[in-house]
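A.B. asks: First the structure, which I've put down as structure tokens, then a few questions once you've had a look.
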Amino acid sequence: MPNAKRDPFASIDRLRPLITEEEIRNRTRELGAKISADYKGSDLLLVSVLKGGFVFLADLVRTIDIPLELDFMRVRSYGARSESSGVVEITADLTGPVEGKHVLFVEDIVDTGLTMTYLMRNIKTRHPADVRLCALLYKPERKLVDVPIDYLGFTIPNQFVVGYGLDYAEKHRNLPYIATMDDEPPG
Ligand code: IMP
């Protein structure tokens, strides 16, 4: 067994709850109801950005009561872990065309906005009917570019958060709530 004390980020004691499971559940239900109403009768394609978006996506889809398709993208963002550089590489692309479809990105967090700006611009070149964004979290203090968030879960302060799909060094994705870390991770 590895000694948890040697890994300062392995200890759950360093995490402070910011958004509870119940708050996430209630807000997700509201977003799902709004999305169901807005896209009724449309050819809806939800696109999740891996890995961080997978928990939110799994809960969100179960609150949407209209037919939809799902697809995934995976991106690598250059720069230090906690600092997006805006240079984004698509490491896994959609499995099918989006032409004529109503694309709704489902993202865990919009921080500087650079990743989503890049991805939305990229998808728009593929002639979808439209492209919108649903994000669980938004940190306005970190904004470098404006990204219109059509469906937003929570606005949060400028703190590094983990849990509910979000990681630090690949850890803590499995926490069922959103927590802040005691220390900012090194940039
Ligand atoms: P952006 O391009 O700066 O908006 O960064 C978006 C990506 O950075 C997210 O999809 C996350 O993977 C990561 N990220 C930004 N802030 C946090 C955070 O507080 N915790 C965990 N990951 C974060």
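Quick note: the sequence shown uses my numbering, first residue 154, plus one each step. Using N, Cα and C, we set each Cβ at its ideal position, and we do this for glycine too.
Please name the residue or residues paired with Ser201 in a DSSP beta bridge.
C.D. replies: Ser201 pairs with Phe225 and Val259.
A.B. asks: Which of the three DSSP states, helix, strand or coil, is assigned to Pro220?
C.D. replies: Three-state result, Pro220: coil.
A.B. asks: If you reduce the DSSP assignment to three classes, tell me which class Val251 lands in.
C.D. replies: It is coil, neither helix nor strand.
A.B. asks: Under the assumption that Val315 contacts Ala332 (Cβ atoms under 8 Å), give the Cβ distance between them as a whole number of angstroms.
C.D. replies: At roughly 6 Å, the Cβ-Cβ gap stays under 8 Å, so Val315 and Ala332 are in contact.
A.B. asks: Return the bridge partner residues of Thr308 from the DSSP annotation.
C.D. replies: The partner list for Thr308 (beta bridge, DSSP) reads Tyr291.
A.B. asks: Report all residues from its chain with a CB closer than 8 Å to the CB of Asp212; omit the five preceding and five following residues, and keep chain order.
C.D. replies: Excluding sequence neighbours, Asp212 sits near Ile177, Arg178 and Thr181.
A.B. asks: Taking 7 Å as the cut-off, is the CB of Ile262 close to at least one heavy atom of ligand 1?
C.D. replies: Flag set: Cβ of Ile262 near ligand 1.
A.B. asks: I need the DSSP call for Tyr321, collapsed to helix, strand or coil.
C.D. replies: Here Tyr321 sits in strand by DSSP.
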